Each structure stands twice: as structure tokens, then as C-alpha cells.
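Structure record follows, encoded as C-alpha cells.
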Amino acid sequence: MNIFVLIKQVPATETKIKINATATGIDTTGIKWIMSPYDEFAVEEALRVKEKNAGSTVTVVSAGPQRVAETIRTALAMGCDNAIWVETPEEIDSFQAAKALAGVLKKETKPDLVFTGKQAIDDDCAQVSQLVATFSEMPYVTVALSAEYGAGTVTVKREVEGGTTEIISMPTPCLIAAQKGMNEPRFASLPNIMKAKKKEIKQYKMADVGVTDGDRKIKLVNLQLPPAKQAGKKISGDAATQAKELVRALHEEAKIV
Numbered sequence: 354m355n356i357f358v359l360i361k362q363v364p365a366t367e368t369k370i371k372i373n374a375t376a377t378g379i380d381t382t383g384i385k386w387i388m389s390p391y392d393e394f395a396v397e398e399a400l401r402v403k404e405k406n407a408g409s410t411v412t413v414v415s416a417g418p419q420r421v422a423e424t425i426r427t428a429l430a431m432g433c434d435n436a437i438w439v440e441t442p443e444e445i446d447s448f449q450a451a452k453a454l455a456g457v458l459k460k461e462t463k464p465d466l467v468f469t470g471k472q473a474i475d476d477d478c479a480q481v482s483q484l485v486a487t488f489s490e491m492p493y494v495t496v497a498l499s500a501e502y503g504a505g506t507v508t509v510k511r512e513v514e515g516g517t518t519e520i521i522s523m524p525t526p527c528l529i530a531a532q533k534g535m536n537e538p539r540f541a542s543l544p545n546i547m548k549a550k551k552k553e554i555k556q557y558k559m560a561d562v563g564v565t566d567g568d569r570k571i572k573l574v575n576l577q578l579p580p581a582k583q584a585g586k587k588i589s590g591d592a593a594t595q596a597k598e599l600v601r602a603l604h605e606e607a608k609i610v
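Every position in the sequence shown, counted from 1, becomes a number in the working numbering once 353 is added.
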């Protein structure tokens with residue numbers, strides 16, 4: 354099977370975000386970058402399918418600036434066979450990212466399966482998987498909890514709002530966007546980490562995969578951090594006094610009653 358997994362590099366979850374000087378993005382100085390956690394489930398699922406199907410290969414694909422290579426090598430260390438990087442500017446929107454990734458799928462050997470995370474944890478847009486599938490004219494399932502792989506078909510259990518699930522069957526080639534809990538992502542061994550550092554990463558420019566600056570559909574006008582939380586206020590006195598003070602504070606200070 355020819356399996357592709359699409360990943361995104363994002364700031365580590367413990368990163369303290371700072372706004373850049375123009376208030377149109379984050380200040381990337383000193384940020385630790387990681388693979389988006391949902392994409393880890395996608396990589397693991399791709400590797401498990403490969404291990405059950407002799408002769409299969411897994412190719413990891415990502416789009417972004419030079420630093421993305423580090424995260425691509427993380428996927429290689431986990432067990433991916435090949436790697437492709439589409440070099441893009443720091444700021445691209447979901448449409449451009451999806452078009453770039455779909456462009457790679459069209460240029461490479463036809464995929465049997467494509468995996469990705471249900472969303473990236475930096476912007477939580479959850480748009481790229483659907484757009485890639487649409488550009489590639491293949492069926493897809495999002496928020497996948499598990500999957501069974503047959504001859505030319507995949508049956509996926511996906512999460513639906515309200516805690517319910519639904520079962521969807523679709524033909525291959527298809528795209529599956531993984532939810533947390535689809536599997537348990539493996540840790541890369543030290544030997545594999547060392548091997549990954551030496552593996553070649555195939556590179557494309559945006560123009561190579563049919564993407565231009567003019568493809569951008571969304572422009573971030575302004576980015577702001579939420580206002581700092583005010584310290585809590587303790588109300589003393591008996592119950593009647595507390596109730597009276599609470600009503601006053603809600604009316605005069607919070608202005609919500």
C-alpha cells in the first residue's frame with residue numbers, strides 16, 4: 354500500500370505565546386516546535402497499517418518554512434519511510450496549505466490511504482483535511498476513533514457531538530483525520546532518531562505544487578491576547594450582608610445586572 358501522512362509543525366503546548374510587533378501573528382523567537390499532537394495519532398495509524406501490509410510504504414508530508422524539517426524528521430524517526438517538504442512562507446492560510454499538500458499527492462505515486470490529524474492545536478481551524486480530500490477528489494472521514502481496513506474499502510468509527518459515534522464505510526483511496534485515542538503513538542528509538550537525521554527530505558517549492566501567494570483566502574488583520582484576569586473579591590459579613598454586596602458588585606462593577 355502507498356500510504357501518506359500529512360503533518361503540521363506547531364508551538365509546544367507549554368509555549369507562552371507573544372504577539373509580534375505588527376499584531377498580525379505570533380512572535381516565533383525562542384519557540385519550541387513540535388508535531389501537532391493529533392498528527393501523532395495519524396502517523397501511528399499509518400505505521401500500523403504499513404506493518405500489517407507487507408511491501409507498504411509511508412511517506413510523511415508537511416508544508417512550512419525551513420524549521421519544519423525538524424518535525425518531519427520526528428515522523429521519520431517514528432518509522433516513516435520517505436519525506437516531502439513544501440517550502441512556504443511563515444504565514445499561509447488553510448487553503449494554501451491544503452492546496453500544497455494535495456499538490457504533492459497529485460505529483461507522487463497515487464496514494465491508497467492518506468492520514469492526518471483532525472486539526473492542528475495552534476489555530477484549531479480543522480479545515481485542512483477536508484480541503485485536501487476535496488482537492489484530491491477522494492472521500493474522507495474526520496474525528497476518526499478507529500478503522501478497519503479491507504480490500505479496497507475502509508470502515509471508520511468517528512466521534513459525533515454529544516458523545517455518540519457513527520460508522521462510515523468508504524472506498525480507497527480515501528483520507529482519514531485522526532482523533533485523540535485512535536491509538537497510542539510510539540516513541541522513536543535512539544537508533545531510529547539517528548537514522549532519521551541522515552534521511553533525505555524531498556523538497557518542493559510552492560510553484561511546483563501549483564500554489565501561489567494569490568491563493569490566500571484569509572488575511573489575519575489583528576491578533577490579541579485575552580485581557581488579564583482580575584483578582585477575585587471576597588465578600589465578608591453575614592448572609593444578608595453578603596447578598597446585598599454581591600448584588601451591588603454585579604450591578605455597579607461588573608454591570609451585568
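Glycine included, every Cβ here is placed at the ideal spot set by N, Cα and C. The structure displayed is predicted, hence computed values, not measured ones.
On the DSSP bridge assignment, give the partners of residue i in chain order.
| i | result |
| --- | --- |
| L543 | According to DSSP, which records beta bridges pairwise, L543 is partnered with nothing at all. |
| P524 | T506 |
| K555 | I437 |
| R511 | A497, E519 |
| A453 | None, per the DSSP bridge assignment. |
| F448 | BP columns for F448 are empty, so no partner. |
| V295 | What the structure shows of the chain is the stretch from 354 to 610, and residue 295 is not part of that stretch, so it cannot be assessed. |
| I571 | Per DSSP, none; premise fails for I571. |
| G417 | E440 |
Quick one: grab the DSSP three-state call for residue i.
| i | result |
| --- | --- |
| L578 | coil |
| V411 | strand |
| G534 | coil |
| V431 | For clarity, residue 431 is Met in the given sequence; the question names Val instead. Helix, per DSSP. |
| P390 | helix |
| A473 | coil |
| V358 | strand |
| V564 | coil |
| I425 | helix |
How is the alpha helix (DSSP H) around residue i delimited, first residue to last?
| i | result |
| --- | --- |
| E598 | 592 to 601 |
| L484 | 481 to 489 |
With 16 other CB atoms within 10 Å as the buried threshold, where does residue i fall?
| i | result |
| --- | --- |
| T441 | buried |
| G585 | exposed |
| T424 | buried |
| R426 | buried |
| T469 | buried |
| P526 | buried |
Return the Cβ separation of residue i and residue j in integer angstroms, given the expectation that the two are a contact with Cβ distance under 8 Å.
| i | j | result |
| --- | --- | --- |
| A531 | A376 | Their Cβ separation, rounded to whole angstroms, is 34 Å, which puts A531 and A376 out of contact at 8 Å. |
| L576 | I384 | Going by Cβ atoms, the distance from L576 to I384 rounds to 15 Å, so no, they are not a contact pair. |
| P538 | E397 | 4 Å |
| A428 | I360 | 6 Å |
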